[in-house]
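Notes follow once the structure below has been shown.
In our numbering, the protein residues as written are 18 to 228.
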């Protein structure tokens, strides 16, 4: 079916940020004597859970929460400002699609993260709609609110949109919004999803064959 708009997830889908997120967590947890192993990160990152849940599952006292979160965000934003890059082929693919379709980004990242990314990648000037966690007021994926709001701002029917992401909560949010979901396989995503996407790709550029 022809689509009226194309919506994208940001982290892991368009930009190579999960490895920076992992490093930020590793550094702050190391400060309190905890080593974050790849297995734990690989389990927690795809869950989309907030930091309090990470601490609970890792057996870390919640009294560390405020300091850990402040330090995590500081470290992460520093790395975003100096190191963030597009995934291979993502910039060209994104620009090509944006020339053909109304395009939006719906991300669970905070506004301060987007501000940091903008030092290297001018996202806001490249897309018609960009919604972050601040816009969603806590109603993040897998809730459909962000996707529905993006469709509304683009003045299109949600049923005529596709959402492109890389994580299980992306597929769930798309289903909850009545949208088609396409998934790009990335290193920090599980092999199996509870909600099956309509299409799965090994590289973002493959999407262009279907648009």
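Every residue, glycine too, gets a C-beta built ideally from N, C-alpha and C. None of the values given here were measured: they were computed from a predicted structure.
Determine the DSSP secondary structure at residue i, reduced to helix, strand or coil.
i, result
"residue 147", "strand"
"residue 53", "coil"
"residue 120", "strand"
"residue 25", "strand"
"residue 138", "coil"
Count the other CB atoms within 10 Å of the CB of residue i; is the residue buried (16 or more) or exposed (fewer)?
i, result
"residue 192", "buried"
"residue 211", "exposed"
"residue 22", "buried"
"residue 49", "exposed"
"residue 80", "exposed"
"residue 126", "buried"
"residue 99", "exposed"
"residue 91", "exposed"
"residue 104", "buried"
"residue 196", "buried"
"residue 70", "exposed"
"residue 206", "buried"
"residue 158", "buried"
"residue 133", "buried"
"residue 198", "buried"
"residue 63", "buried"
"residue 67", "exposed"
Mind reading off the beta-carbon distance from residue i to residue j? Whole number of angstroms is fine, and I expect it under 8 Å.
i, j, result
"residue 142", "residue 101", "Contact doesn't hold; Cβ gap of about 16 Å is too wide."
"residue 190", "residue 161", "6 Å"
"residue 177", "residue 96", "With a Cβ gap of about 37 Å, residue 177 and residue 96 do not count as contacting."
"residue 194", "residue 121", "Contact doesn't hold; Cβ gap of about 12 Å is too wide."
"residue 20", "residue 118", "7 Å"
"residue 163", "residue 201", "That pair is no contact at about 19 Å."
"residue 107", "residue 31", "5 Å"
"residue 128", "residue 109", "Not quite, the Cβ-Cβ distance comes to about 27 Å (not below 8 Å), so this is no contact."
"residue 231", "residue 61", "The shown model of the chain, from 18 to 228, leaves out residue 231, and the question about it has no answer."
"residue 147", "residue 140", "6 Å"
"residue 130", "residue 89", "That belief does not hold up - the Cβ atoms of residue 130 and residue 89 are roughly 11 Å apart, past 8 Å."
"residue 7", "residue 137", "What is shown of the chain runs 18 to 228, which leaves residue 7 out entirely."
Taking 7 Å as the cut-off, is the beta-carbon of residue i closer than that to any non-hydrogen atom of the ligand NAD?
i, result
"residue 45", "Ligands are entirely absent from the displayed structure, and the ligand NAD is therefore not among its contents."
Answer with yes or no whether the minimum CB distance from residue i to chain B is below 8 Å.
i, result
"residue 67", "Here there is only one protein chain, and chain B is not present."
Checklist entry - Do three or more CB pairs link the stretch 176-185 to the stretch 25-39 at distances below 8 Å? => result Between the stretch 176-185 and the stretch 25-39 there are three or more C-beta pairs closer than 8 Å, enough to call the two in contact.
Next on the checklist: If contact is defined by three or more beta carbon pairs under 8 Å, each pair taking one atom from either stretch, is the stretch 47-63 in contact with the stretch 211-228?
Outcome noted: The stretch 211-228 is not in contact with the stretch 47-63.
Next on the checklist: Could you tell me which whole alpha helix (DSSP H) segments of length 4 or greater appear in the stretch 61-105?
Outcome noted: 68-75, 82-100
Item to check | 3-residue-minimum beta strand (DSSP E) runs that sit fully inside the stretch 170-227, ordered along the chain | outcome: 178-182, 197-201, 216-218
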